[in-house]
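Pasting the structure below:
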């Protein structure tokens, strides 16, 4: 494929960054997105934001949704996909994934490693990306593990399996950083008789790091102020990648995603965020959110949770399958996430469980794996619903998606078909084994 | 359970007489859940539901009568005689089906996965542990059991974990009872033989231990079965000598000492019913080579066996079919190999069914056994006929485990393990409204519903 062929051509010498960007843009244009005028017709369009449209159509232009409705006009030369009355949903968004990281999920040698960049470990050829795609997932947030209190900076990918590494990155997605708490850090470091081995230790380590970051930020702010004033003798402080990343947290430049189970720890994390002046974007797992949902709602913190997983460790003992809906009813923005290669392949079923446990409506359930998940990642203006102007990341389903029987028939990303169940082999137009 | 005033009206004085308000029904439910062993229960009639009988089709607007823990009558409305003393429950709009059966679980052997003190899953000191009996560890009061049965699972195989080639013997349980005694329906019902490679002791060179390879696993298994054959022979010789001695002494009044019995060996003794073909071995393998090696071993010792998992044996499914043995599939959520298509494992049940293989689903889980029916539903999405999927968690496992005379369908005379739900049992959206186990109306509560209710009020 063109994407991959282009990556094999290494620039002979170091060239200006601008030139590389231009090349990348050229590659993107000659890639699979070339046939970018598509009309999907005869579908039950589950828009997520404005109900279902029976016998609906979606017109895609330049990889974006250009029109949605029952009466949509498209140019005569647009590629037509007849959905045959099947359901059409936005691509599924997994707001908590560890796929494609080849076990490099935890730099478990220090509890504070915010300078770890997931991009450096991103194994873009991992078949789990393909299997998620075949399950309808088009966007995932690849997070660090929870061995460390602060694990590192995440990446957001689109599941364009067969494309090159950079083509899989979600363009312009905000940066997220993974925090953790509870059993995992204390087990990892406690097991080595190191700090932290208790929840006291966990939070102390985190607080200590944030205090250092405050000082570091101040030094840089002072320096920058001097430079601004024209002080030519001002000496820049020494750069420290770890503190630089944390300073960005304090400056609100990173979305803070916190692995946290127990209700008391959810509250402690929110208190700490207040103390240091940053915002928590979402709590992940958050299996006891139902106990303090009103408090999460008041702070505008989302949750990315399991539908019904429980009992795998002590801090998951009070997990109940009604967590998602009980929290939602209190005003919390709820996403159902995979945290597993397995669940990433059938998040639609996991979301459908919320209809049974607590009575979520179809749209509420679907939102938990689309728009709400997109909000947690910070890309809800780009994906997560079938609205004009959004990326044409779409799934045509065999069967009703919110059931045991929903299976993706076709998956489009940026208007291009990346998975087609009817195709032989892996079912991917842009990929063959051995590429 | 559907109470009065909900759903379409059904006619008949008997029904309206027995229609109860929700509150009364709950009180009754609690009363009925008290120990009832040894005393006659008031018959319960489920009227107006859609009955999925498994053996004789679907009965719309059916009637099911439960009495003395058994199914006393099943049929279409009007065709079934309703006992005068029965409590009639209107279940119109509901679906009624037999309790679901999980063909491999760890229920009662674990509470919190990561907490060692709560786990009794497998003995790792040796690979040949046939004398381990899960009934000795089975924790009847486990919080997992009510959580599980609330989703309509009423029976399960409890197996030791799979890190040993012969980790011990399975029991078949019922998910309700006043004690482990009552819940353990069949002890030592079968014995797993695991041959997946996971049983090798090859985690590191530093901690290497026999068997380090599959060759070691096979050699060790072969030796164990040979030793058991030898042990059986020693006992047979002894019995023979003893009976000869007895006959002799009876006639000759010989004062000769009776022969000394061989020393008892629990490990080898445990293998005997399997070597004699009295009970099935549950032969677990994943890929073709392991499968063929394990089947070879089973044949060498003339073991009766069913297959387990075979998640990556797609290339040899005709060979599997030719073995004419049932296959426990699952979990079908097993990842495919990198070279396999995404649906290679999802479609395995359909592929086996097509070849005439009898299949049953297993959760191979503890906390998530409750999701067993969704696995069957998912297999439908990948080509398994719906009726077969339902059979694979009801009648098929009952037949495989030798309990089909009591379980697996809505038939007269069978144990009244009956589920009432608001829809398709295989769909994730379906809510189970009431479960009956041995005719007892199970309180629809668990540790989880209590937490839900406690925090819903705040």
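Protein chains in written order, with the working numbering: chain L, 751 to 1185; chain U, 25 to 482. Ideal Cβ placement from N, Cα and C applies to all residues, glycine included.
### Query
What does residue 899 of chain L touch in chain U if you count any residue whose Cβ is under 9 Å from its own?
For the purposes of this step, residue 899 of chain L is taken as residue 149 along the first chain, with counting starting at 1. In chain order: nothing, as chain U lies at least about 19 Å away.
### Message
Measuring CB atoms only, is the segment 109-128 of chain U touching the segment 67-84 of chain U, in the sense that at least three cross pairs come out at less than 8 Å?
### Response
The segment 109-128 of chain U is in contact with the segment 67-84 of chain U.
### Message
Below 8 Å on the Cβ atoms is my contact criterion, and I expect residue 130 of chain U with residue 182 of chain U to pass it. Report the Cβ-Cβ distance as a whole number of Å.
### Response
As a first step, residue 130 of chain U must be located in the second chain, where it is residue number 106. As a first step, residue 182 of chain U must be located in the second chain, where it is residue number 158. With 8 Å as the limit, residue 130 of chain U and residue 182 of chain U qualify as a contact, their Cβ atoms being about 7 Å apart.
### Query
Of all the residues that make up the segment 221-249 of chain U, which are near chain L by a beta-carbon distance shorter than 7 Å?
Residues are counted here when their Cβ sits less than 7 Å from a Cβ of chain L; for the segment 221-249 of chain U the count is zero.
#### Entry: Sequence ranges, alpha helix (DSSP H) only - wholly within the segment 1032-1098 of chain L, length at least 4
Runs of the alpha helix (DSSP H) inside the segment 1032-1098 of chain L: 1043-1049 and 1073-1079.
### Message
Among U/383, U/204, U/228 and U/178, whose alpha-carbon lies nearest the alpha-carbon of residue 423 of chain U?
### Response
As a position in the second chain, residue 423 of chain U is number 399, starting the count at 1. Checking every option, the nearest Cα to that of residue 423 of chain U belongs to U/383.
### Task
Indicate whether residue 1062 of chain L and residue 163 of chain U have their beta-carbon atoms separated by less than 8 Å.
The count along the first chain starts at 1 and reaches residue 1062 of chain L at position 312. The count along the second chain starts at 1 and reaches residue 163 of chain U at position 139. No.
### Query
Within this structure, are the beta carbons of residue 1026 of chain L and residue 1008 of chain L separated by less than 8 Å?
Working through the first chain from its first residue, we reach residue 1026 of chain L at position 276. Working through the first chain from its first residue, we reach residue 1008 of chain L at position 258. If you check the CB distance, residue 1026 of chain L and residue 1008 of chain L do not come in under 8 Å.
### Message
On a Cα-Cα basis, can you pick out the residue from U/178, U/296, U/101 and U/208 that is closest to residue 154 of chain U?
### Response
Your numbering for residue 154 of chain U matches position 130 in the second chain. Nearest C-alpha to residue 154 of chain U: U/296.
#### Entry: Secondary structure, alpha helix (DSSP H): runs of 4+ residues fully inside the segment 67-145 of chain U
Taking 4 residues as the shortest admissible run, the segment 67-145 of chain U contains no complete alpha helix (DSSP H) segment at all.
### Query
Relative to the C-alpha of residue 986 of chain L, which residue among L/821, L/789, L/997 and L/970 is closest?
The sequence position of residue 986 of chain L within the first chain is 236, counting from 1. By alpha-carbon distance to residue 986 of chain L, the top candidate from L/821, L/789, L/997 and L/970 is L/970.
### Message
So, for residue 304 of chain U: in the same chain, excluding its five sequence neighbours on each side, which residues have a beta-carbon less than 7 Å away from its beta-carbon?
### Response
The residue labelled residue 304 of chain U in the question sits at position 280 within the second chain. Taken in chain order, the residues that qualify are 214, 328, 329 and 330.
### Task
Examine the Cβ distances between the segment 120-134 of chain U and the segment 76-93 of chain U and report whether three or more of them are shorter than 8 Å.
Because the criterion of three Cβ pairs below 8 Å is met, the segment 120-134 of chain U and the segment 76-93 of chain U touch.
### Query
In chain L, which residues lie with their C-beta within 8 Å of the C-beta of residue 391 of chain U?
The residue given as residue 391 of chain U occupies position 367 in the second chain. Under the 8 Å cutoff, chain L gives 1059, 1060, 1061 and 1062.
### Query
Considering residue 420 of chain U, what are the terminal residues of the beta strand (DSSP E) in which it resides?
Counting from one through the second chain, the residue named residue 420 of chain U turns up at place 396. Run containing residue 420 of chain U: none in the beta strand (DSSP E); it sits in the alpha helix (DSSP H), 419-424.
### Message
If I measure Cβ to Cβ from residue 1124 of chain L and keep anything under 6 Å in the same chain, skipping five residues before and after, which residues do I get?
### Response
For this step, residue 1124 of chain L is matched to residue 374 along the first chain. Apart from the 5 residues on each side of it in sequence, residue 1124 of chain L sits with its Cβ closer than 6 Å to the Cβ of 843, 1130, 1133 and 1134 in its chain, given in chain order.
### Query
Nearest CA to the CA of residue 173 of chain U: which residue from U/467, U/92, U/370 and U/477?
The count along the second chain starts at 1 and reaches residue 173 of chain U at position 149. The shortest Cα separation from residue 173 of chain U among U/467, U/92, U/370 and U/477 belongs to U/467.
### Message
Mapping the DSSP letters down to three states, classify residue 319 of chain U as helix, strand or coil.
### Response
As a working mapping, residue 319 of chain U is identified with position 295 in the second chain. Here residue 319 of chain U sits in helix by DSSP.
### Query
Residues of chain U with CB under 8 Å from residue 740 of chain L, in chain order?
Because chain L spans 751 through 1185 in this model, residue 740 of chain L falls outside it and cannot be assessed.
### Task
Compare the C-alpha of residue 217 of chain U against each of U/321, U/203, U/292 and U/281 and name the closest.
Locating residue 217 of chain U in the second chain gives position 193, where the first residue counts as 1. Among U/321, U/203, U/292 and U/281, the Cα nearest to that of residue 217 of chain U belongs to U/321.
### Task
Please decide whether residue 1102 of chain L counts as near chain U, where near means a Cβ-Cβ distance under 8 Å.
For the purposes of this step, residue 1102 of chain L is identified with residue 352 of the first chain, where counting begins at 1. Residue contact check for residue 1102 of chain L against chain U: a CB pair falls below 8 Å.
#### Entry: Within chain B, partners of residue 480 of chain U - CB distance below 9 Å
Any reference to chain B falls outside this structure, whose protein chains are L and U.
### Query
Hey, how far is the Cα of residue 1114 of chain L from the Cα of residue 1085 of chain L?
In the first chain, counting from the first residue as 1, residue 1114 of chain L sits at position 364. In the first chain, counting from the first residue as 1, residue 1085 of chain L sits at position 335. Straight-line Cα distance between these residues: approximately 10 Å.
### Query
What is the DSSP secondary structure of residue 1126 of chain L, counted as helix, strand or coil?
Within the first chain, residue 1126 of chain L is the residue found at index 376, counting from 1. Judged by DSSP in its simplified three-state form, residue 1126 of chain L adopts helix.
#### Entry: DSSP three-state assignment for residue 215 of chain U, whether helix, strand or coil
Translated into positions along the second chain, residue 215 of chain U becomes position 191. Per DSSP, reduced to three states, the secondary structure at residue 215 of chain U is strand.
### Query
Hey, which unbroken runs of the alpha helix (DSSP H) at 4 residues or more fall wholly within the segment 282-332 of chain U?
Runs of the alpha helix (DSSP H) inside the segment 282-332 of chain U: 290-299 and 312-324.
### Message
Output needed for residue 945 of chain L: all residues of its chain with C-beta closer than 7 Å, excluding positions within five of it in sequence on either side, in chain order.
### Response
Stepping through the first chain from its first residue, residue 945 of chain L is reached at position 195. Only 939, 951 and 955 meet the Cβ criterion.
### Counterpart residues of residue 1009 of chain L in DSSP-defined beta bridges
The sequence position of residue 1009 of chain L within the first chain is 259, counting from 1. The secondary-structure analysis by DSSP pairs residue 1009 of chain L across a beta bridge with L/1034.
### Query
Run through DSSP, which three-state label would residue 1015 of chain L get?
Against the first chain, residue 1015 of chain L aligns to sequence position 265. For residue 1015 of chain L, the three-state secondary structure derived from DSSP is helix.
### Task
Within its chain, find whatever has a CB closer than 7 Å to the CB of residue 1126 of chain L; leave out the 5 residues flanking it on each side and keep chain order.
In the first chain, the residue the question calls residue 1126 of chain L occupies position 376. 845, 1031, 1032, 1052, 1054 and 1085.
### Query
Mind checking if residue 185 of chain U is an interface residue toward chain L, Cβ cutoff 8 Å exclusive?
Counting from one through the second chain, the residue named residue 185 of chain U turns up at place 161. Among the CB atoms of chain L, none fall inside 8 Å of the CB of residue 185 of chain U.
### Task
Provide the residue span of the alpha helix (DSSP H) that contains residue 227 of chain U, from first to last.
If you number the second chain from 1, residue 227 of chain U lands on position 203. Annotation for residue 227 of chain U: no alpha helix (DSSP H) segment contains it, and DSSP assigns it neither H nor E.
### Query
Which bits of chain L does residue 454 of chain U rub up against, with CB to CB less than 8 Å?
Counted from its first residue, the second chain places residue 454 of chain U at position 430. Simply 1106.
### Message
Taking only three categories from DSSP, how would you classify residue 169 of chain U?
### Response
Looking up residue 169 of chain U in the second chain gives position 145. Helix.
### Query
According to the neighbour-count rule (16 or more other Cβ atoms, all chains shown, within 10 Å of its Cβ), is residue 1160 of chain L buried or exposed?
In the first chain, counting from the first residue as 1, residue 1160 of chain L sits at position 410. Result: buried.
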